[in-house]
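**Student:** Pasting a structure here, questions to come.
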Amino acid sequence: MTFIEKIKETAAFLKSQGIGHVDFGLILGSGLGELADEIQDAIRIDYSDIPNWGQSTVVGHAGKLVYGTLSGKKVLALQGRFHFYEGNSLDVVTFPVRVLAELKATGIIVTNAAGGVTHGPGTLMLISDHINFTGQNPLIGENLDAYGPRFPDMTHAYDEAYQAKAHEVAEKSGIALAEGVYMGYSGPTYETPAEIRFAETVGADAVGMSTVPEVIVAVHSGLRVLGISAITNHAAGKQAELNHAEVVEVTTRIKETFKTLVKSILIEL
Ligand code: HPA
């Protein structure tokens with residue numbers, strides 16, 4: 001089966017399970033998957049039941065696709081994403097975005113936990129741009145002309161109208177929303193202090209191990225993108241040490257605000 005046939009097979013399977021029109025895909029990062037529990041009239045499908053779909057291995061990722069209504073919009077939420085550092089190919093990491101394009105979604109909302117370079121723990125950061133520092137690109141290989149061009153323009157990767165809406169909504173709701181550039185590393189190690197000094201020098205505000213591949217494929221297929229990082233720690237060298245427990249703990253602390261913000265933004269998109 002070709003890659004395009006797989007995308008079409010999976011989209012057809014999801015339609016057979018009752019997944020109809022999709023306005024937005026929601027890619028929910030570590031500890032942020034709870035938002036999918038608020039989807040009304042939900043259809044839930046285990047990743048293991050979906051053809052051509054990857055499997056979640058990270059603690060804090062449920063591994064379920066949830067479809068239904070949130071803030072009056074039809075959403076398809078990924079409770080758990082696939083990471084390159086888990087050993088997945090970037091085709092696997094970005095496959096859900098291809099399927100969202102096949103389902104004719106308007107856009108995606110991508111979320112993640114990230115280390116803060118210029119922002120501190122507990123900050124919600126609207127992603128204004130990214131730096132792909134993974135050394136990889138999911139579009140390497142034969143171009144899928146049916147989805148998008150060989151050389152996609154990344155000038156407006158993060159939709160400017162969506163960013164303006166997000167700031168407006170945050171202000172109205174009294175939620176502090178910072179803004180910045182997300183720099184994607186492959187992981188799974190956290191960065192070294194020297195790598196963080198480098199990140200800061202080249203203009204990064206946050207660093208993480210996800211999001212960049214999905215956004216590249218979204219842009220390629222013409223999906224509009226809104227990205228939000230939950231800053232869970234000071235990046236390496238800016239605090240004594242880093243650990244996953246702290247990432248989980250801080251995510252837990254800010255997830256209610258995060259959920260309120262995303263739901264409020266969705267109403268306005
Ligand atoms: N670096 C990379 N990824 C992360 C971090 C970090 O400091 N915190 C949460 N995810």
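Last residue of the sequence shown? That's 269 in full-length UniProt numbering, and every number before it is there in order.
Backbone N, C-alpha and C define an ideal beta-carbon position, used for all residues, glycine too.
The structure displayed is predicted, hence computed values, not measured ones.
1. So, residue 158 versus residue 63, is the Cβ gap smaller than 8 Å?
2. Residue 69 bridges to which residues according to DSSP?
3. Use the C-beta contact count for residue 57: other C-beta atoms within 10 angstroms, 16 or more gives buried, fewer gives exposed.
4. How about residue 184 and residue 208: are their beta carbons less than 8 Å apart?
5. Run through DSSP, which three-state label would residue 142 get?
6. Return the residue from the list 31, 15 and 186 that minimises the CA-CA distance to residue 50.
7. Who are residue 111's beta bridge partners in DSSP?
8. Please list, in chain order, all residues of the same chain as residue 221 whose beta carbon is under 6 Å from its beta carbon, the five residues on each side excluded.
9. At a threshold of 7 Å, does residue 125 count as lining the ligand HPA (C-beta to nearest heavy atom)?
10. From the DSSP output, which residues share a beta bridge with residue 124?
11. Mapping the DSSP letters down to three states, classify residue 271 as helix, strand or coil.
**Tutor:** From the atom records:
1. What you label residue 158 is simply residue 158 of the sequence shown in a count that begins at 1. What you label residue 63 is simply residue 63 of the sequence shown in a count that begins at 1. No.
2. One-based indexing of the sequence shown puts residue 69 at position 69. Partner(s): 40 and 74.
3. In the sequence shown, counting from the first residue as 1, residue 57 sits at position 57. Looking at its Cβ environment, which holds fewer than 16 other Cβ atoms inside 10 Å, residue 57 is exposed.
4. Stepping through the sequence shown from its first residue, residue 184 is reached at position 184. Stepping through the sequence shown from its first residue, residue 208 is reached at position 208. The answer is yes: Cβ separation under 8 Å.
5. Translated into positions along the sequence shown, residue 142 becomes position 142. Three-state result, residue 142: coil.
6. Locating residue 50 in the sequence shown gives position 50, counting from the first residue. Of the candidates 31, 15 and 186, the one whose C-alpha sits nearest the C-alpha of residue 50 is 15.
7. Residue numbering aside, residue 111 sits at position 111 when the sequence shown is read from its first letter. Partner(s): 228.
8. In the sequence shown, residue 221 corresponds to position 221, counting from 1. Closer than 6 Å at the Cβ level, and outside the excluded window around residue 221, lie 101, 147 and 148.
9. As a position in the sequence shown, residue 125 is number 125, starting the count at 1. No - the ligand HPA has no heavy atom lying nearer than 7 Å to the Cβ of residue 125.
10. Taking the sequence shown and counting its residues from 1, one reaches residue 124 at position 124. Looking at the DSSP assignment, residue 124 forms a beta bridge with 230.
11. The first residue shown for the chain is 1 and the last is 269, placing residue 271 beyond what the model contains.
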